[in-house]
Amino acid sequence: MLDFIQQLVNGIALGCVYGLIALGFVLIYKATEVVNFAQGELLMLGGFFAFTFITFMGLNYWIGFLLAVICMALLGSTIERVVVRPILGYPQFSIVMATIGLGFFARSVAGMIWGTDDLKIDTPFSRSVTENVVRIGSLVIADDKISIIVATVLLCIVLYLFFSRTRMGIAMQATSQNMLAAYYMGIPVKRVFSLIWAISAAVACFAGILLAPSTLIHTNVGFIGLKAFPAAVLGGFGSIPGALVGGIIIGVIEQLAGFYLPQGFKDVAAYIVLLLVLWFKPDGLFGMKMRKKV
Amino acid sequence: MRFIFKTDYNQDLRLLKHSGYWWSYGVLAAFLILAPFGLDNYLVSQLVFVFIYALVGVSLTILTGFTGQVSLGHAAFLAIGAYTAGFLQSLGVPFIIYFPAAAIVTGLVGMLVAIPALRLSGIYLVIATIAFAFIIEEVAARWEAVTHGNEGMRVRTLDVFGGNGVTLPRDEPGFYFLCLGILVLMVILALNLARSPTGRAFMAIRDSETAAKSMGVNLALYKVKSFTISAAITGMAGVLFAHKLSFISPEMFTLLLSLEFIMVIIIGGIIGLHGAVLGAIFIVMIDPFLTLLKDDVPGLVSSIALLFGAAQETAASIGAAVGNVGSAPGMKGALYGLIIIFFIIFEPYGLYGRWLKVKLYFQLFPLYKKATFKRQKTYVKSERNR
Chain A
13 MLDFIQQLVN
23 GIALGCVYGL
33 IALGFVLIYK
43 ATEVVNFAQG
53 ELLMLGGFFA
63 FTFITFMGLN
73 YWIGFLLAVI
83 CMALLGSTIE
93 RVVVRPILGY
103 PQFSIVMATI
113 GLGFFARSVA
123 GMIWGTDDLK
133 IDTPFSRSVT
143 ENVVRIGSLV
153 IADDKISIIV
163 ATVLLCIVLY
173 LFFSRTRMGI
183 AMQATSQNML
193 AAYYMGIPVK
203 RVFSLIWAIS
213 AAVACFAGIL
223 LAPSTLIHTN
233 VGFIGLKAFP
243 AAVLGGFGSI
253 PGALVGGIII
263 GVIEQLAGFY
273 LPQGFKDVAA
283 YIVLLLVLWF
293 KPDGLFGMKM
303 RKKV
Chain B
454 MRFIFKTDYN
464 QDLRLLKHSG
474 YWWSYGVLAA
484 FLILAPFGLD
494 NYLVSQLVFV
504 FIYALVGVSL
514 TILTGFTGQV
524 SLGHAAFLAI
534 GAYTAGFLQS
544 LGVPFIIYFP
554 AAAIVTGLVG
564 MLVAIPALRL
574 SGIYLVIATI
584 AFAFIIEEVA
594 ARWEAVTHGN
604 EGMRVRTLDV
614 FGGNGVTLPR
624 DEPGFYFLCL
634 GILVLMVILA
644 LNLARSPTGR
654 AFMAIRDSET
664 AAKSMGVNLA
674 LYKVKSFTIS
684 AAITGMAGVL
694 FAHKLSFISP
704 EMFTLLLSLE
714 FIMVIIIGGI
724 IGLHGAVLGA
734 IFIVMIDPFL
744 TLLKDDVPGL
754 VSSIALLFGA
764 AQETAASIGA
774 AVGNVGSAPG
784 MKGALYGLII
794 IFFIIFEPYG
804 LYGRWLKVKL
814 YFQLFPLYKK
824 ATFKRQKTYV
834 KSERNR
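Here the protein sequences come in this chain order: A and B.
Sequential numbering of the first sequence, starting at 13, is according to my numbering.
Sequential numbering of the second sequence, starting at 454, is according to my numbering.
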């Protein structure tokens, strides 16, 4: 039983990472109906930026964190301007391929700049070398996992409020449903696009920095983005709480599959769940029901 | 400009419309027939890879270009074809039987994939095919009784009838002609498919599912058909791929390979079958091109710099810098990324589209208008509501 609870907790921590990355997909999709396949690579770049500021330049962790997030936000809106905007209005497939290309490019260039070794950031969460876990009874939870869970939940709440309560958030939802109508209503569609890419890149940066203690930073860290797709789909792709819930479910399933099922199931469990969800409930758990119009 | 005066319906149905086609395809055929005897081994080997990639390109053109369904999981179909061939060969089945068997098995798997895919469109389909490819990759790594797992699997020399000596070693002209023949057959099949009611239904689905449905096209049936045909052709390519490499292991059939296949049709151009071949040439020749960039270009650049009066050391350092760029690790990935973005933004119809534009420019000489090939942008519809 204790094993089970321990696996459950580990699964939730893992799931929060997936949820955090899925959040990035969901934000862009929710506001612009674009799916960004380079989200994992943005996460990787965020980690590298943080490494540059914190370890390489020796800044304070929090200042470095902030600088990295700002840099990534700027980078995100630059990417939107240069790559995404020229192909807006074309079939979605074009944008998907463009972001995949972008992912390739980012991974290779990051490899050229920062090398292919694993990099490490020292975090203030690890209180000492020997004892950086929290014990509840005989449960063991690592500090960096707690930081991930807390940050993910906080970010979800903030973004949820942003989308449902602020003018800009509602403008973003309108843009996603009908760009042209939103434009006629006086919504600055171009600014919406820049802003949402900036926010999404910043969220990716958060994920990258929080993930750094447990996976280290290297050029292939972005592949975790592919694991976040099942989370986003399970949650309904357009829903912020859905991304979190979907991420946690996927994380728990993956962890339990690794523990109880034969070898090999751990890696594909997420994808099997994804296919089942697409098969039986393509709208996901929190998906919006859309009426078809001819 | 050439105007063809048609007096007969059969003229309209011809694949080779006029004598110009006969000439150009004749020259191409002559070149391809003479190539294995004239060119050096490396180039012939690259040509075989071009044929295999073009075969996958044809299958993707049917799926994506005709039917408008996107798949990022074609490496998995290739793997299924390759492993079916390898496994059946190890049981002693001759090529003449396992080649169609691999195509049928892959086609059936394609059908199974298509059934859940029926409810999906656009982005969900892409994600589902990626998930499928990951699962197949893992199965190939774990199902050791059939695939030998991560150790990989040796594929023996192609033996056509099994045991009576008609073998086609992978470096001989015989194998080259086999690949060429299968490619030509499949291209003709695809061309005929495009002119048949089935192909017309595919294109109707691509252009508007709602319109196709209201004209009585059975969406489910035709999507499944398209997936099955596409998967079967990729399975054939998989058999040839396995024989060409003579060794297969799960890590060959990754997402990267699926992306290369998609790049084949993006670069070549999705609007016609020429695109599949042009894109295949492009993708296969990237590697030799990068080697060239590493080995020969630095020397060339520094000698040009010398020519323009640069000092000996500066010239050498310029050459070294170019060499560094060429041999930087991950250069291929960066190049792939840039090429994809470039083609998507600036040349959405690919190389074949560029050729059509150039051709039309000269045909209409002073009257060519850029807008002829302009794509329409739609800002209104959300794909969620389609």
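Note that the Cβ used here is the ideal one computed from N, Cα and C, for glycine as well.
Note that this is a predicted model, so its numbers are computed, not measured.
_Short CB-CB distance (under 8 angstroms) between B/Phe826 and chain A_ = Here residue 826 of chain B refers to the residue found at position 373 of the second sequence. Answer no: the Cβ-Cβ gap between B/Phe826 and chain A never drops below 8 angstroms.
Does the distance from the C-beta atom of B/Phe694 to that of B/Leu531 stay below 8 angstroms?
As a first step, residue 694 of chain B is located in the second sequence; it is residue number 241 there, counting from the start. As a first step, residue 531 of chain B is located in the second sequence; it is residue number 78 there, counting from the start. Their beta carbons are under 8 angstroms apart, which means B/Phe694 touches B/Leu531 by this criterion.
| message | Please report whether the beta-carbon of B/Pro840 lies at a distance below 8 angstroms from any beta-carbon of chain A. | response | For residue 840 of chain B there is no data in the structure shown, the boundaries of chain B being 454 and 839.
Q. Would you call B/Asn671 buried or exposed, if buried means 16 or more other Cβ atoms sit within 10 Å of its Cβ?
A. One-based indexing of the second sequence puts residue 671 of chain B at position 218. Burial call: exposed.
Checklist entry - At a Cβ cut of 9 angstroms, what residues of the region 763 to 795 of chain B count as close to chain A, listed as they run along the chain? => result Ala781, Pro782, Gly783, Met784, Lys785, Gly786, Ala787, Leu788, Tyr789, Gly790, Leu791, Ile792, Ile793, Ile794, Phe795
Per DSSP, what are the beta-bridge partners of B/Thr620 in this structure? What you label residue 620 of chain B is simply residue 167 of the second sequence in a count that begins at 1. B/Thr620 is bridged to B/Asp612.
Taking the beta carbon of A/Glu53 as the centre, do at least 16 other beta carbons fall within 10 Å, making it buried, or is it exposed? On the first sequence, position 41 is the one that residue 53 of chain A refers to. A/Glu53 is buried by the Cβ-count criterion.
- Message: Please confirm whether A/Phe174 has its beta-carbon closer than 8 angstroms to some beta-carbon of chain B.
- Response: To locate residue 174 of chain A, count along the first sequence from 1; it is residue 162. Interface residue (Cβ-Cβ distance to chain B less than 8 angstroms): A/Phe174 is not classified as such.
- [ ] Keeping to the same chain, check which residues put their C-beta closer than 6 angstroms to that of B/Gly510; ignore five residues upstream and five downstream.
- [x] Position 57 of the second sequence holds residue 510 of chain B. The residues Val717, Ile718, Ala729, Gly732, Ala733, in chain order, have a CB closer than 6 angstroms to that of B/Gly510 in the same chain once the five nearest residues on each side in sequence are set aside.
Next on the checklist: Give me, in chain order, the residues of the same chain whose beta-carbon lies closer than 6 angstroms to that of A/Gly36; leave out the 5 immediate sequence neighbours on both sides.
Outcome noted: In the first sequence, the residue the question calls residue 36 of chain A occupies position 24. Excluding positions up to five away in sequence, the list reads Gln51, Ser212, Val215, Ala216.
Handout entry: Spatial distance of B/Ile486 from B/Asp612 (CA atoms)
Key = On the second sequence, residue 486 of chain B is found 33 positions in, with the first residue counted as 1. On the second sequence, residue 612 of chain B is found 159 positions in, with the first residue counted as 1. Their Cα atoms are separated by approximately 22 angstroms.
Classify B/Arg467 as helix, strand or coil using the three-state DSSP reduction.
Translated into positions along the second sequence, residue 467 of chain B becomes position 14. Note: B/Arg467 maps to coil in three-state DSSP.
Item checked: Interface residues of chain B facing A/Tyr102 [CB-CB closer than 8 angstroms] -> Taking the first sequence and counting its residues from 1, the one referred to as residue 102 of chain A is at position 90. Under the 8 angstroms cutoff, chain B gives Pro801, Arg828, Lys830.
Inset, instruction - Give the C-beta separation of A/Val146 and A/Val96 to the nearest angstrom, bearing in mind that I take them to be a contact with Cβ-Cβ under 8 angstroms. - result: In the first sequence, residue 146 of chain A corresponds to position 134, counting from 1. In the first sequence, residue 96 of chain A corresponds to position 84, counting from 1. Not really, about 42 angstroms apart at Cβ, beyond 8 angstroms.
Discussion item. Quick check on A/Asn48: buried or exposed, where buried means 16 or more other Cβ atoms within 10 Å of its Cβ?
Written reply: Here residue 48 of chain A refers to the residue found at position 36 when the first sequence is read from its first residue. So A/Asn48 ends up on the buried side.
ask   = What separation, rounded to the nearest whole angstrom, lies between the Cα atoms of A/Ile191 and B/Leu726?
value = Here residue 191 of chain A refers to the residue found at position 179 when the first sequence is read from its first residue. Here residue 726 of chain B refers to the residue found at position 273 when the second sequence is read from its first residue. Reading off the sequence, residue 191 of chain A comes out as Met, not Ile. If I take the Cα positions, the gap works out to 34 angstroms.
Item to check | Segments of 4+ residues assigned as alpha helix (DSSP H) that fall wholly inside the region 99 to 129 of chain A | outcome: 104 to 126
query: Contact between the region 191 to 210 of chain A and the region 90 to 105 of chain A: three or more CB pairs below 8 angstroms?
result: yes
(Q) Counting beta carbon pairs with one atom in the region 242 to 260 of chain A and one in the region 270 to 277 of chain A, are three or more of them shorter than 8 angstroms? (A) no
Tell me, to the nearest whole angstrom, how far the beta carbon of B/Ala584 is from that of A/Leu286; I am working on the premise that it is less than 8 angstroms.
Walking along the second sequence from the start, residue 584 of chain B turns up at place 131. Walking along the first sequence from the start, residue 286 of chain A turns up at place 274. Right, their Cβ atoms sit about 5 angstroms apart.
*Backbone secondary structure at B/Ile723 - three-state DSSP*: Here residue 723 of chain B refers to the residue found at position 270 when the second sequence is read from its first residue. In this structure, B/Ile723 counts as coil in the three-state DSSP scheme.
Exposed or buried, B/Gly652, counting other C-beta atoms within 10 Å across all chains shown (16 or more means buried)?
By 1-based counting over the second sequence, the position of residue 652 of chain B is 199. It counts as buried.
- Given B/Ile757 as reference, the closest of B/Ala769, B/Ser512, B/Ser498, B/Glu597 once Cα atoms are compared: Counting from 1 along the second sequence, the entry for residue 757 of chain B is found at position 304. Measuring C-alpha to C-alpha distances from B/Ile757 to each of B/Ala769, B/Ser512, B/Ser498, B/Glu597 identifies B/Ala769 as the nearest.
Between the region 235 to 248 of chain A and the region 26 to 41 of chain A, can you find at least three pairs of beta-carbon atoms closer than 8 angstroms? yes
Count the other CB atoms within 10 Å of the CB of A/Val141; is the residue buried (16 or more) or exposed (fewer)?
Taking the first residue of the first sequence as 1, we reach residue 141 of chain A at position 129. At A/Val141 the pLDDT is 49, less than 50, meaning the model places this residue with poor confidence; the figure from the coordinates comes in the next sentence. It counts as exposed.
Nearest chain B C-beta to A/Met124 closer than 8 angstroms, yes or no? For the purposes of this step, residue 124 of chain A is identified with residue 112 of the first sequence, where counting begins at 1. It does: the Cβ of A/Met124 has a partner Cβ on chain B nearer than 8 angstroms.
TODO: Report yes or no: is there a C-beta of chain D within less than 8 angstroms of the C-beta of A/Leu223?
DONE: Looking at the structure shown, chain D is missing, and the protein chains on hand are A and B.
Worksheet entry | Beta-carbon contacts of A/Phe65 that lie in its chain and below 7 angstroms, excluding the five residues immediately before and after | Taking the first sequence and counting its residues from 1, the one referred to as residue 65 of chain A is at position 53. Within the same chain, A/Phe65 has close Cβ partners Leu71, Gly76, Leu79, Ala80.
- request: Evaluate B/Phe680 with the Cβ neighbour count: other Cβ atoms within 10 Å of its Cβ, from every protein chain shown; 16 or more gives buried, anything less gives exposed.
  value: In the second sequence, the residue the question calls residue 680 of chain B occupies position 227. Label assigned to B/Phe680: buried.
Worksheet item: Is there at least one Cβ from chain A nearer than 8 angstroms to B/Tyr577's Cβ?
Response: Counting from 1 along the second sequence, the entry for residue 577 of chain B is found at position 124. Yes, because at least one Cβ of chain A sits closer than 8 angstroms to the Cβ of B/Tyr577.
- request: Flag this pair as touching only if the region 533 to 551 of chain B and the region 753 to 767 of chain B have three or more C-beta atom pairs under 8 angstroms; answer yes or no.
  value: no
Leaving aside the five residues before and after A/Gln189 along the sequence, list all residues of the same chain whose C-beta is less than 6 angstroms from its C-beta, in chain order.
Residue numbering aside, residue 189 of chain A sits at position 177 when the first sequence is read from its first letter. Excluding residues within five positions, none has a Cβ falling inside 6 angstroms.
Any C-beta of chain A within less than 8 angstroms: which residues of the region 657 to 672 of chain B qualify?
Thr663
Checking 8 angstroms against the spacing of the C-beta atoms, do B/Ala535 and B/Ile686 come in under that value?
Looking up residue 535 of chain B in the second sequence gives position 82. Looking up residue 686 of chain B in the second sequence gives position 233. Going by C-beta atoms, B/Ala535 is not nearer than 8 angstroms to B/Ile686.
Residues from the region 283 to 300 of chain A in contact with chain B, defined by Cβ distance under 7 angstroms
Taking 7 angstroms as the cut-off between beta carbons, the residues of the region 283 to 300 of chain A near chain B are Tyr283, Ile284, Leu286, Leu287, Leu290, Trp291, Pro294, in sequence order.
Could you work out which residues of chain B lie near A/Pro200, taking near to mean beta carbons separated by less than 8 angstroms? Sequence index remark: in the first sequence, residue 200 of chain A carries index 188 (1-based). Result: empty, since nearest Cβ-Cβ is about 14 angstroms, beyond 8 angstroms.
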